[in-house]
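Taking it in order: structure first as structure tokens, then the write-up.
There are 2 protein chains.
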Amino acid sequence: VLIQDIGEKGLLEKLHRFCPPDIIGDDAAVLEIECEKECKKLVITTDMLLDGVHFSHQTTSAEDAGWRAAAANLSDLAAMGATPLGITVGLGLPGNAEVNWVERLYQGMTACLQQYDTPILGGDIVRSPITTIAITALGTVNSDLIIRRSGAQVGDAIVVTGYHGASRAGLELLLHPEAGPFLSPSDKEVLIKAHQRPEPRLDVLPILKEIFTPYTNNISHPVHIAGMDSSDGLADAVLQICHASNVGAVLDYDQIPIPPSFGDWLTEEKSLDYVLYGGEDFELVLCLPFTLACTLVEQLQLLGQGTAIIGKIQKDTKVILQDKNRLFPEQVLRSDQGFQHFSPMSN
Amino acid sequence: VLIQDIGEKGLLEKLHRFCPPDIIGDDAAVLEIECEKECKKLVITTDMLLDGVHFSHQTTSAEDAGWRAAAANLSDLAAMGATPLGITVGLGLPGNAEVNWVERLYQGMTACLQQYDTPILGGDIVRSPITTIAITALGTVNSDLIIRRSGAQVGDAIVVTGYHGASRAGLELLLHPEAGPFLSPSDKEVLIKAHQRPEPRLDVLPILKEIFTPYTNNISHPVHIAGMDSSDGLADAVLQICHASNVGAVLDYDQIPIPPSFGDWLTEEKSLDYVLYGGEDFELVLCLPFTLACTLVEQLQLLGQGTAIIGKIQKDTKVILQDKNRLFPEQVLRSDQGFQHFSPMSN
């Protein structure tokens with residue numbers, strides 16, 4: 007069945023079952039604001055995704071496209087320290103799109119959202135020559151626990167909440183099924199899943215809350231946290247945080263977690279390229295005082311692998327990657343380029 | 007200058023000046039929730055607008071396209087009784103779009119938004135073969151004063167907050183400049199402005215609040231209000247409210263305000279067609295007890311013309327248009343058709 011056969015109204019009726027019936031059906035969705043003792047802030051973020059740019063039929067099923075769209079927006083909320091309230095979905099669809107494709111898109115979105123009790127708060131559908139998904143996510147955060155890019159301080163430890171590079175490696179395996187011949191099927195599956203079904207790190211927020219609670223409202227011992235998600239890559243995240251905070255960073259090559267299966271497949275250079283510049287891992291990159299960072303990593307290790315303190319914030323505004331074993335020279339990371347190959351052979 | 011010349015980053019930098027600097031620059035925008043005594047609800051709405059469908063270069067300048075996009079979303083908030091907190095803007099733009107066009111789009115949006123102290127809370131930009139504007143608007147409303155489509159009760163008066171049909175007439179004048187030869191230039195200007203620069207009726211909300219305040223928290227004398235905006239036409243609004251409330255309505259032809267200049271231009275049939283089915287006037291259609299409706303109309307008349315009680319809610323679920331002067335027979339309004347021409351000659 008094609009969209010043009012059932013029309014916008016017919017499609018809306020089919021999609022209504024993905025939304026809470028008491029929330030939709032008016033000019034806008036209505037949400038309760040909890041009036042608690044703690045003062046909360048609203049957090050809002052919007053993403054536009056286009057067929058052929060942000061998802062493709064080669065590597066992305068409708069369900070995966072939906073999951074990834076939802077995950078990317080929830081990750082933006084997690085990056086602010088915010089718990090989701092809901093999302094709205096604007097869709098631009100060609101008349102000859104399959105109704106089934108759209109329903110599977112919504113199934114993928116809700117599969118991701120349901121893990122975090124997050125409803126779809128309605129949206130809008132228009133006919134468009136190109137499939138376009140516009141998602142706006144809404145959340146709340148306690149004023150004390152808000153995570154901004156600015157606010158990283160000299161001496162802060164830089165924490166990653168999990169592995170980087172896995173999503174990029176998974177994409178490579180989808181594009182070139184013959185790649186990684188020495189990888190086990192389960193290793194391949196883990197990497198492909200990292201690409202198709204990334205998990206927003208909302209599970210990190212209760213841990214942060216627990217760690218920070220003794221310090222909130224403690225004016226003599228205020229603590230701070232800065233950070234963002236690594237949707238555009240680990241290097242980009244560190245660079246953006248440093249730029250917003252007017253500081254720099256030193257990253258230790260030895261301390262950056264690399265997905266274990268990379269050793270059976272990729273050169274050290276290629277591994278580092280994926281880890282630093284791969285993108286779409288949707289982990290959090292957080293800057294906070296060293297002792298708190300240690301507690302955080304200890305707690306995060308109970309949730310999964312690949313979490314570590316990978317470096318520290320410095321005054322000099324450069325972001326430097328250094329190798330203590332001196333296998334390669336120190337290099338300055340920049341946003342306008344990928345990894346600079348360190349072997350003289352590759353120049 | 008074309009978008010492809012300055013890239014997404016270059017364009018974002020130019021557009022940042024339309025957003026409050028303390029709100030953007032992170033993964034998501036942050037908003038204060040006022041923790042007052044009154045318990046408020048959040049209201050959220052999303053619209054997708056496409057070049058060639060929702061605006062066209064023939065009748066819409068970039069500024070007007072921006073104004074109308076903002077106005078349509080603010081109108082959805084007004085329709086819920088909600089005061090705006092802000093909007094997010096997702097843009098899909100062809101690489102050969104003019105940077106100047108995008109800036110003028112934002113100028114139009116902010117010109118409309120500034121009237122209601124409403125900020126742009128950031129957004130997203132992607133390259134797309136077709137210009138696409140995805141707007142999400144966020145607002146708050148006191149639980150007591152929320153306006154839903156459902157909730158109209160038998161005997162309620164139906165109030166329009168202003169003229170209908172003016173936007174459709176303005177569009178006609180833009181498409182056919184030779185139309186309406188007997189209209190004065192200022193009449194034409196009023197109608198064209200109704201199309202290009204519609205005003206969301208947020209100015210109605212303080213009046214509603216004033217009228218309803220004696221009744222809020224009064225359990226022995228609860229009052230109710232139902233309604234929506236008339237973005238898809240007056241007939242559509244009445245039909246949608248009746249459908250959601252499981253009631254019907256009787257509209258009095260004599261009581262429906264018709265823009266005064268229509269008499270110098272349009273036949274009675276054509277006038278009624280524009281008034282009932284024209285759309286995009288962004289007035290409110292409200293159902294409330296008769297005495298409160300009288301007070302409301304009295305107050306609204308201080309703001310402008312074209313407000314009136316146009317009919318009442320009835321038990322029978324049909325929506326009937328009747329003419330007390332019996333110039334034409336009673337007719338049943340339906341959403342799937344335009345005005346049924348009442349003259350036997352036109353059949």
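Quick mapping for you: the protein sequence lines, in order, are chains A and B. Position 37 of the first sequence, counted from 1, bears residue number 43 in our numbering, the numbering being contiguous throughout. Position 259 of the second sequence, counted from 1, bears residue number 265 in our numbering, the numbering being contiguous throughout. Backbone N, C-alpha and C define an ideal beta-carbon position, used for all residues, glycine too.
PHE188(A), DSSP secondary structure in three states: coil
Residue closest to LEU55(A), alpha-carbon to alpha-carbon, out of LYS47(A), ALA77(A), VAL49(A), LEU37(A): ALA77(A)
With DSSP collapsed to three states, give me the class of ALA250(A). helix
Taking a cut of 8 Å between CB atoms, which residues from the region 118-131 of chain A lie near chain B? LEU127, GLY128, GLY129, ASP130, ILE131
8 Å Cβ cutoff, LYS47(A) in contact with chain B: yes
Per DSSP, PRO90(B) is paired with what? GLY145(B)
Pairwise C-alpha distance: MET234(B) and TYR283(B): 15 Å
Rank LEU294(B), GLY285(B), ASP70(B), ILE231(B) by C-alpha distance to the C-alpha of GLN202(B) and give the top, closest one. ASP70(B)
Please name the residue, chosen from ALA255(A), SER149(A), HIS170(A), that lies closest to GLY285(A) on a Cα-to-Cα basis. HIS170(A)
On the CB-based measure, 16 or more other CB atoms within 10 Å of its CB, does GLU184(B) come out buried or exposed? exposed
Taking C-beta to C-beta, are LEU308(B) and LEU257(B) nearer than 8 Å? no
Distance check for ILE262(A) and MET115(A), CA to CA, integer angstroms please. 31 Å
Which residues, in order along the region 101-116 of chain A, keep a beta-carbon less than 9 Å from a beta-carbon of chain B? none
Short of 7 Å in beta carbon distance, which residues of its chain neighbour THR301(A), apart from the five on each side in sequence? Order them along the chain. ILE217
Inter-residue spacing [alpha-carbon to alpha-carbon] between TRP107(A) and ALA68(A): 6 Å
For ASP287(B), which of helix, strand or coil comes out of DSSP? coil
Distance cutoff 8 Å, beta carbons only. Does LEU211(B) sit that close to anything in chain A? no
What does GLN328(B) pair with, by DSSP beta-bridge criteria? ASP258(B)
For ASP162(B), which of helix, strand or coil comes out of DSSP? coil
Consider the C-beta atom of ALA140(A) and the heavy atoms of the ligand COA; say whether any pair is separated by less than 7 Å. No copy of the ligand COA occurs in the structure displayed, which carries no ligand at all.
Quick one: residues in its chain with C-beta nearer than 8 Å to the C-beta of LYS199(A), no 5 flanking neighbours on either side, listed in chain order? GLY176
is_contact[GLY98(B), chain A] using C-beta, thresh 8 Å: yes
Whole-angstrom distance between GLU304(B) and VAL165(B), CA atom to CA atom: 11 Å
With respect to the alpha helix (DSSP H) encompassing LYS321(B), which residues constitute its N-terminal and C-terminal limits? No alpha helix (DSSP H) holds LYS321(B); DSSP gives it neither H nor E.
If the criterion is Cβ atoms closer than 8 Å, does the pair LYS215(B) and VAL105(B) meet it? no
Would you tell me roughly how many angstroms separate the C-alpha atoms of GLY129(B) and ALA140(B), rounded to the nearest one? 9 Å
Looking only at C-alpha atoms, which of SER236(B), ASP242(B), LEU144(B), LYS330(B) sits nearest to ASP287(B)? SER236(B)
Flag ILE50(B) as yes if its beta-carbon sits less than 8 Å from any beta-carbon of chain A, otherwise no. yes
Between which two residues does the alpha helix (DSSP H) carrying ILE50(B) extend? Where ILE50(B) is concerned, there is no enclosing alpha helix (DSSP H), although the beta strand (DSSP E) it sits in stretches over 46-56.
Tell me the DSSP bridge mates of ILE126(A)? ILE93(A)
Is there a Cβ from chain B that is less than 8 Å from the Cβ of LEU151(A)? no
Give me, in chain order, the residues of the same chain whose beta-carbon lies closer than 6 Å to that of HIS230(B); leave out the 5 immediate sequence neighbours on both sides. GLY157
Residue interval of the alpha helix (DSSP H) (run including ASP70(B)): 68-85
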